[in-house]
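One structure is given below, encoded as structure tokens.
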Amino acid sequence: MVAGDSRPVRRSVEVEYWVVDEAGRLVEPDGLVAATAGAEREFVEPLLEVKTTPCESTAELRTELFDRLRRVLDRADELGLGLVPLATPVDGDDIAELPSDRTRIQNEVVGADFEYVRHCAGTHIHVEQEPGREIDQLNTLIALDPALALVNSSPYFRGRRVAAGARSKLYRRLAYDGLDHQGRLWPYVEDIGEWDRRLDRRYEEFVAAAVDAGVDRSRVAESFDPESAVWTPVQLRETFGTVEWRSPDATLPSQVIRLADDIAGVIERLRDTPVRVGGDIGRVGDDEIVLPPFEAVLEYVDTAIEEGLSATAVRSYLDRMGFDPAAYEPTTHAIDVDGPVSADDTRRLRLDHAERLQRDLHQSPAIGAD
0 MVAGDSRPVR RSVEVEYWVV DEAGRLVEPD GLVAATAGAE REFVEPLLEV KTTPCESTAE
60 LRTELFDRLR RVLDRADELG LGLVPLATPV DGDDIAELPS DRTRIQNEVV GADFEYVRHC
120 AGTHIHVEQE PGREIDQLNT LIALDPALAL VNSSPYFRGR RVAAGARSKL YRRLAYDGLD
180 HQGRLWPYVE DIGEWDRRLD RRYEEFVAAA VDAGVDRSRV AESFDPESAV WTPVQLRETF
240 GTVEWRSPDA TLPSQVIRLA DDIAGVIERL RDTPVRVGGD IGRVGDDEIV LPPFEAVLEY
300 VDTAIEEGLS ATAVRSYLDR MGFDPAAYEP TTHAIDVDGP VSADDTRRLR LDHAERLQRD
360 LHQSPAIGAD
């Protein structure tokens with residue numbers, strides 16, 4: 000890309016939703032995968048994932064995602080099913096996995112803590128890599144990671160409150176606690192060579208942990224490569240030619256589109272705007288993009304997980320980094336209550352939010368950037 004290039008940054012999304020029956024019970028998405036292109040099973044039984052193709056504008060992305068989800072919901076209505084845009088299933092239902100060698104290896108390596116991963120539904124946003132600016136894109140998205148607070152959608156794990164962003168806490172602090180570097184946000188990198196070396200080291204650590212758990216090395220190699228063996232919130236994806244941000248929760252489609260639009264807007268600025276790490280607070284400006292020290296980013300991320308948008312420091316940071324926090328309505332703050340959530344309350348919550356998703360698809364106005 001050359002300076003002044005006006006072509007939009009292509010972007011795509013992957014959204015995961017829990018599938019429930021008319022009583023709010025988690026069920027398998029039988030019949031829904033065939034409803035549209037881009038619909039797939041996830042690694043646990045009651046999750047459905049819907050992906051878009053790379054799109055050149057927010058309007059195009061919105062049209063494709065909404066069309067695909069409407070097709071799924073039309074079929075779901077016929078089958079008496081619903082899609083729930085919450086990051087966790089809320090209560091303590093056991094979540095069964097679909098059988099695969101990849102999942103079996105992860106269970107052997109991670110152990111009992113892999114249970115936490117089974118209770119998580121999220122959103123992935125991809126932006127197209129731009130030659131020569133890949134590392135600036137990667138580092139900027141690392142600095143933007145506290146924006147996960149904009150779409151925190153569940154504070155619960157097994158019916159009890161754990162954090163404003165329960166899914167992020169489950170992944171980053173609980174599921175991979177026994178594996179160094181996995182699940183965590185990685186520091187800024189200097190160049191692609193450093194990124195590749197990190198991937199190779201993490202892959203070897205994962206293979207060593209698998210061998211220690213009794214898994215044959217060749218079996219690991221059949222299911223994983225350096226890129227697919229790691230879980231970190233921001234990744235360079237050679238496979239797709241994108242930079243991927245994996246932190247956002249499952250949430251309403253309109254919020255997914257708004258977030259993807261904001262992310263793409265910041266990334267598009269990189270074409271003509273220098274990026275540097277320095278200063279104390281970080282900002283996205285017309286003259287430069289300043290990324291705060293990585294330690295400061297981690298503090299914002301921790302607050303975004305624990306408190307979400309109720310934290311003034313997080314809202315102020317996101318405002319400086321190019322977001323309008325007032326434009327978002329993170330579900331977690333609306334359903335966050337003290338004390339355990341009963342099984343009956345859980346099922347009602349699921350059904351209420353399945354209805355919210357339906358209304359969102361049929362009533363949401365276009366994003367302002369369109």
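Counting from 0, one number per residue, gives the positions in the sequence shown under numbering that gives the first Met the number 0.
In this text, a Cβ means the ideal position worked out from N, Cα and C, and glycines have one as well.
Since this is a predicted model, take the numbers as computed values, not measurements.
Closest residue to residue i among the options (Cα-Cα distance)
i    : options                : result
V26  : S5, P88, S253, T241    : P88
R218 : R101, D73, S56         : R101
L149 : E306, T35, V274        : E306
G121 : L47, Q234, E294, V340  : L47
I191 : H332, L147, Q128, E13  : Q128
D455 : R61, R349, Q357        : Not covered by the structure: residue 455. The range shown for the chain is 0 to 369.
A249 : D76, I124, A33         : I124
R245 : E15, A95, S5           : E15
A163 : D343, E354, R355, A333 : A333
R132 : R172, R268, L60, T330  : R268
F65  : A295, E13, G240        : E13
I266 : Q254, G284, D335       : G284
A208 : Q105, L82, E41, L72    : Q105
G182 : E328, F113, D224, G23  : F113
V43  : P329, R103, T241       : R103
D335 : P98, D224, P247, Y155  : Y155
R69  : A36, A326, V206        : A36
F223 : D92, S99, R24          : S99
Span separating the alpha-carbon of residue i from that of residue j
i    : j    : result
P28  : D286 : 48 Å
R9   : E55  : 5 Å
D179 : R159 : 27 Å
S315 : I256 : 22 Å
G110 : A174 : 9 Å
L85  : I94  : 15 Å
A2   : R355 : Per-residue confidence for A2 stands at a pLDDT of 47, beneath the threshold of 50, marking its modelled position as unreliable; the derived number appears in the next sentence. So the two alpha carbons sit approximately 43 Å from each other.
M0   : D279 : Reliability of the predicted coordinates at M0 is poor, the pLDDT of 39 falling under 50, and the value obtained from them is presented with this limitation in mind. Going from the Cα of M0 to the Cα of D279 covers about 30 Å.
H118 : L80  : 19 Å
E96  : P45  : 9 Å
G321 : V289 : 12 Å
V116 : A353 : 22 Å
Q357 : D144 : 28 Å
R74  : A34  : 6 Å
A295 : T139 : 14 Å
D318 : E243 : 22 Å
V126 : R236 : 10 Å
V19  : D343 : 14 Å
T57  : A310 : 29 Å
G240 : P130 : 10 Å
T330 : Q254 : 10 Å
E328 : A228 : 33 Å
D369 : T272 : Model confidence at D369 stands at a pLDDT of 47, short of 50, so the residue's coordinates are unreliable; what they give is reported in the following sentence. Near 23 Å, if we compare the C-alpha coordinates of T272 and D369.
D76  : Q362 : 18 Å
A220 : D351 : 43 Å
G367 : V313 : Interpretation of G367 is limited by its pLDDT of 47, a score under 50 that renders its predicted location unreliable; no figure is taken from the coordinates.
S5   : D301 : 36 Å
R157 : R270 : 45 Å
R196 : R67  : 38 Å
V188 : D92  : 40 Å
For residue j and residue i, believed in contact at Cβ under 8 Å, the rounded distance
i    : j    : result
L360 : P292 : In fact, because the Cβ distance is near 41 Å, the residues do not count as touching under 8 Å.
A212 : E107 : 5 Å
D135 : V274 : 4 Å
G30  : L60  : Between L60 and G30 the Cβ distance is about 26 Å, and since that is not below 8 Å, they are no contact.
E226 : L198 : 6 Å
W17  : V71  : Rounded, the Cβ-Cβ distance is 13 Å, inconsistent with contact.
A142 : G281 : 6 Å
R346 : A22  : 6 Å
S11  : T52  : 6 Å
R40  : V49  : At roughly 11 Å, the Cβ-Cβ gap does not stay under 8 Å, so R40 and V49 are not in contact.
P247 : L147 : 6 Å
Neighbour flag for residue i against chain D, beta carbons, 8 Å
i    : result
S222 : Given the protein chain composition of this structure (a single chain), no chain D is represented.
Check: residue i C-beta below 7 Å from any heavy atom of the ligand NAD
i   : result
E44 : The model on display carries no ligand, and the ligand NAD is accordingly not part of it.
List, from N- to C-terminal side, the alpha helix (DSSP H) runs of 4 residues or more that fit wholly inside the segment 190-227. The alpha helix (DSSP H) runs lying completely inside the segment 190-227 and spanning 4 residues or more are 191-211, 216-222, given in chain order.
Does the pairing of the segment 206-224 with the segment 256-268 give three or more beta-carbon distances under 8 Å? Counting Cβ pairs under 8 Å, fewer than three are found: no touch.
Three or more C-beta pairs below 8 Å linking the segment 151-171 and the segment 189-208: These segments do not touch.
Every unbroken beta strand (DSSP E) within the segment 91-163, with a cutoff of 3 residues, ordered by chain: For the segment 91-163, whole beta strand (DSSP E) runs of length 3 or above, ordered along the chain, are 122-127.
Pairing CB atoms from the segment 222-240 with CB atoms from the segment 339-351, are three or more of them under 8 Å? Touching, no.
Contact the segment 152-169 vs the segment 296-316: 3+ CB pairs below 8 Å: Cβ pair count under 8 Å is three or more, so yes.
Considering only residues of the segment 227-293, which uninterrupted alpha helix (DSSP H) runs meet the minimum length of 4 residues and lie entirely inside it, listed in chain order? Here the runs fully enclosed are 252-268.
Where in the segment 31-60 do unbroken runs of the beta strand (DSSP E), each at least 3 residues long, occur, reported from the N-terminal end onward? Residue ranges of uninterrupted beta strand (DSSP E) with 3 or more members, entirely inside the segment 31-60 and ordered along the chain, are 38-40, 46-50.
Entirely enclosed alpha helix (DSSP H) segments - the segment 280-362, minimum 4 residues: Within the segment 280-362, the runs of alpha helix (DSSP H) that reach at least 4 residues and sit entirely inside it are, in chain order, 293-305, 311-319, 331-334, 342-362.
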